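Participant: In the working numbering, the protein residues as written are 761 to 819. Encoded as structure tokens, here's the structure I'll be asking about.
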Amino acid sequence: MRVQEGVRKTITEFDLKATDADTEEESITFTIVQAPRHGTMERTNNGQHYRQTESFTMD
761 MRVQEGVRKT ITEFDLKATD ADTEEESITF TIVQAPRHGT MERTNNGQHY RQTESFTMD
């Protein structure tokens, strides 16, 4: 994913999605194995910003 400098991008289910027949969707965790070269990944919820993250779920 490329994002223009100074612009925020939200990762949606259209960008990234995983399913597992034995696991509920909200229990699937994505782990960031290589940090972005420029910038950071932040966890947000309803416009509230949280600290930089190393993993996240789709809920």
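Just so you know, even glycine gets a beta-carbon here, dropped at the ideal spot from N, CA and C. The structure displayed is predicted, hence computed values, not measured ones.
Determine the contact status of residue 794 and residue 802, defining contact as a CB-CB distance below 7 Å.
Facilitator: No, they are not a contact pair.
Participant: For residue 816, write down the residues that DSSP places opposite it in a beta bridge.
Facilitator: Residue 816 is bridged to 790.
Participant: Return the chain-ordered list of same chain residues with a C-beta closer than 8 Å to the C-beta of residue 775, the five sequence neighbours on each side being excluded.
Facilitator: Cβ neighbours of residue 775 beyond the five flanking positions: 761.
Participant: I need the straight-line Cα distance from residue 781 to residue 770, nearest angstrom please.
Facilitator: Between residue 781 and residue 770, the C-alpha separation is close to 26 Å.
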